[in-house]
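*Asks:*
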DNA sequence: AAACAGTGCGCG
DNA sequence: AAAGCGCGCACTGTTT
């Protein structure tokens, strides 16, 4: 494998980016050490309490009988053996890892529907929060500040990575978990934490590559909504019947997976499971399962690559949705994928819009995805460099303190907030497309701002 | 004790 | 024909 910046611009971006990120690293983000200590304490108490309650269950008794002194509740391998070898629960082929061991992740274990297991998963999640996040942050905090490292030389796609600790995977999707961790990140006195992110930057960059007119239309016309439309197709709904949750399901269970190279077989399962997990319904409360039944689809189907999807199954329906998706709706995108991959096969290399050449052995999905993931981050990096330089030149008190692929986190003095938001918006949405003419769709950003002295958890959207 | 593979889970 | 992209970190269980 050989990856290198081939153009001078590409080299310069990494050079300047490296220096800007060194600044970010030295600035650091303020940690509320009292809050952190308190959260570790309450989390430990909850772990103790739940663990004590769990010890009374049948599963736990069997576990201790089987493993005796070496019983370790942290071992999911042991749990798998207890459940599947001693308690008679069935482990299907699809629920095994590639090495043939029974899977013991949340998705698989939840399906067993055993009260103990649900409690167990809750405890494990609390342990994860305490070990990786709370204690991880505590260990790395110096004099009340955390200085995560950001690197540009470790990622195959020329994105960045972050470590010690990783600032790019702090919980947010599960509300109580996000709160537990993010309340520990606070603004400096008289400052506010400000996070500005590019909206749908990967979709925008992909549109710049394949120039699919339907996709460009979706980006430019605010009345159009790709995820809403696909929710309509996947669940056979009229536009008005699409709820926020069914849109969410289509976005993360169909549209993005398809863009990244997944296929109907897995999408169907995920969309189907989401009906139950997210309680997807029609506006009148009817379950989408029931709704699909009325449309002649009463089961998922085996989703087995070896078996051809049968009529009347959800699997078959999603296969048809996929065909329309790639052969009608986004056929220009589809053509680009084929052409781009063929050119790679011919030459053994491809070059990103930002001037980085990648050569060596890659799979089809890699070749399609890298030139989107990389340049999408480069938009952010280019902007971060300019914003950081501007803050330095104007000798402002505000500082950039972190970056998460498509967003910039800054600790902004309350008197500089307006200027900061204005300049960030200008650099990110106006100067960048001028500097890089290959960007042919409008770029947008969103800003989240915390109260003065508030925490990262308290951030609220603010119009620029 | 240190290194390694395998798993699982957090994020974009 | 093949069948989601990219990371870092903690932990278990085994090997060196």
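In my numbering, the protein residues as written are 3 to 466. In this text, a Cβ means the ideal position worked out from N, Cα and C, and glycines have one as well. None of these values were measured; they are calculated from a predicted model.
To the nearest whole angstrom, what separates the beta carbons of residue 294 and residue 316, a pair I think is in contact under 8 Å?
*Replies:* Rounded, the Cβ-Cβ distance is 7 Å, consistent with contact.
*Asks:* Which residue wins for smallest C-alpha separation from residue 186, given the options 428, 18 and 31?
*Replies:* Selected option, being the one with the closest Cα: 31.
*Asks:* Identify every residue that forms a DSSP beta bridge with residue 26.
*Replies:* Bridge partners of residue 26: none, in fact.
*Asks:* Would you kindly check if the distance between the Cβ of residue 454 and the Cβ of residue 462 is under 8 Å?
*Replies:* Contact: no.
*Asks:* Please report how far the alpha carbon of residue 416 lies from the alpha carbon of residue 195, in whole angstroms.
*Replies:* Computed Cα separation, rounded: 10 Å.
*Asks:* Is it right to say residue 277 is buried, meaning 16 or more other beta carbons lie within 10 angstroms of its own, or is it exposed?
*Replies:* That one is buried.
*Asks:* Rounded to whole angstroms, what's the CA-CA distance from residue 442 to residue 203? Just pull it up for me.
*Replies:* Going by the C-alpha atoms only, they are around 12 Å apart.
*Asks:* So, residue 136 versus residue 38, is the Cβ gap smaller than 8 Å?
*Replies:* Cβ atoms of residue 136 and residue 38: closer than 8 Å.
*Asks:* Measuring CB atoms only, is the segment 5-24 touching the segment 383-402, in the sense that at least three cross pairs come out at less than 8 Å?
*Replies:* A contact exists between the segment 5-24 and the segment 383-402.
*Asks:* Pick out the complete alpha helix (DSSP H) segments inside the segment 59-143, 4 residues or longer, and give them in chain order.
*Replies:* Correct list: 60-69, 78-83, 108-114, 117-130 and 137-142.
*Asks:* With a threshold of 16 other CB atoms inside 10 Å of the CB of residue 326, please say whether the residue is buried or exposed.
*Replies:* The residue in question, residue 326, is exposed, as its Cβ has fewer than 16 Cβ neighbours within 10 Å.
*Asks:* So, for residue 179: in the same chain, excluding its five sequence neighbours on each side, which residues have a beta-carbon less than 8 Å away from its beta-carbon?
*Replies:* The answer, listed in chain order, is 127, 131 and 173.
*Asks:* Excluding the 5 residues flanking residue 129 on each side, which residues of the same chain have their C-beta closer than 8 Å to its C-beta?
*Replies:* Excluding residues within five positions, the ones whose Cβ falls inside 8 Å are 49 and 76.
*Asks:* For a test of the three-state rule: what should DSSP assign to residue 213, helix, strand or coil?
*Replies:* If DSSP states are grouped into helix, strand and coil, residue 213 belongs with coil.
*Asks:* Tell me the residue span of the beta strand (DSSP E) that contains residue 507.
*Replies:* Here the chain comprises residues numbered 3 to 466, so residue 507 is not present and cannot be evaluated.
*Asks:* Which one or two residues does DSSP pair with residue 188 in a beta bridge?
*Replies:* Residue 188 pairs with 32 and 457.
*Asks:* Hey, out of 107, 260, 94 and 310, whose CA is closest to residue 81's CA?
*Replies:* Considering only alpha carbons, the answer is 107.
*Asks:* According to DSSP, simplified to helix, strand and coil, what is residue 398?
*Replies:* In this structure, residue 398 counts as coil in the three-state DSSP scheme.
*Asks:* Specify the secondary structure class of residue 404 as computed by DSSP and reduced to three states.
*Replies:* Residue 404 falls in the strand class under three-state DSSP.
*Asks:* Return the residue from the list 414, 395, 396 and 214 that minimises the CA-CA distance to residue 404.
*Replies:* It is 414.
*Asks:* Does DSSP classify residue 204 as helix, strand or coil?
*Replies:* Residue state, collapsed to three classes: helix.
*Asks:* Ordered along the chain, which non-local residues of its own chain (more than five positions away) have a Cβ less than 8 Å from that of residue 328?
*Replies:* Closer than 8 Å at the Cβ level, and outside the excluded window around residue 328, lie 260, 335 and 336.
*Asks:* Please state whether DSSP places residue 195 in a helix, a strand or coil.
*Replies:* Residue 195 falls in the strand class under three-state DSSP.
*Asks:* Can you give me the start and stop residues for the alpha helix (DSSP H) that residue 415 sits inside?
*Replies:* That residue, residue 415, is in no alpha helix (DSSP H); its beta strand (DSSP E) goes 409-415.
*Asks:* Once you ignore the five residues that flank residue 411 on each side, which residues in its own chain have a CB closer than 6 Å to its CB?
*Replies:* For residue 411, where only same-chain residues beyond five positions count, the Cβ hits under 6 Å are 197, 403 and 404.
*Asks:* Of all the options 371, 395, 339 and 184, which has the alpha carbon lying nearest to the alpha carbon of residue 139?
*Replies:* When only C-alpha atoms are compared, the closest one is 184.
*Asks:* Where do the N-terminal and C-terminal ends of the alpha helix (DSSP H) with residue 248 fall, by residue?
*Replies:* Where residue 248 is concerned, the enclosing alpha helix (DSSP H) stretches over 246-252.
*Asks:* Quickly, what does DSSP pair residue 450 with across the bridge? List them, please.
*Replies:* Answer by DSSP bridge pairing, in chain order: 197 and 463.
*Asks:* Please classify residue 377: is it buried, with 16 or more other beta-carbons within 10 angstroms of its beta-carbon, or exposed?
*Replies:* Its Cβ being crowded by 16 or more others within 10 Å, residue 377 is buried.
*Asks:* Cα-Cα, which of 306, 284, 288 and 239 is closest to residue 265?
*Replies:* It is 306.
*Asks:* Confirm, please, whether the CB-CB distance from residue 210 to residue 323 is below 8 Å.
*Replies:* Not in contact: residue 323 and residue 210 (Cβ atoms no closer than 8 Å).
*Asks:* Could you tell me whether the segment 225-243 touches the segment 336-352, using the rule of 3 or more Cβ pairs below 8 Å?
*Replies:* No, the segment 225-243 is not in contact with the segment 336-352.
*Asks:* How about residue 447 and residue 201: are their beta carbons less than 8 Å apart?
*Replies:* Result yes, Cβ atoms of residue 447 and residue 201 sit closer than 8 Å.
*Asks:* Between residue 142 and residue 167, how many whole angstroms is the CB-CB distance? I'm expecting something under 8 Å.
*Replies:* With a Cβ gap of about 5 Å, residue 142 and residue 167 count as contacting.
*Asks:* Are the beta-carbon atoms of residue 471 and residue 425 separated by less than 8 Å?
*Replies:* Because the chain in this structure spans residues 3 to 466, residue 471 falls outside the shown range and cannot be described.
*Asks:* Considering only their Cβ atoms, is the gap separating residue 62 from residue 445 smaller than 8 Å?
*Replies:* It is not a contact, given that the beta carbons lie outside the stated cut-off.
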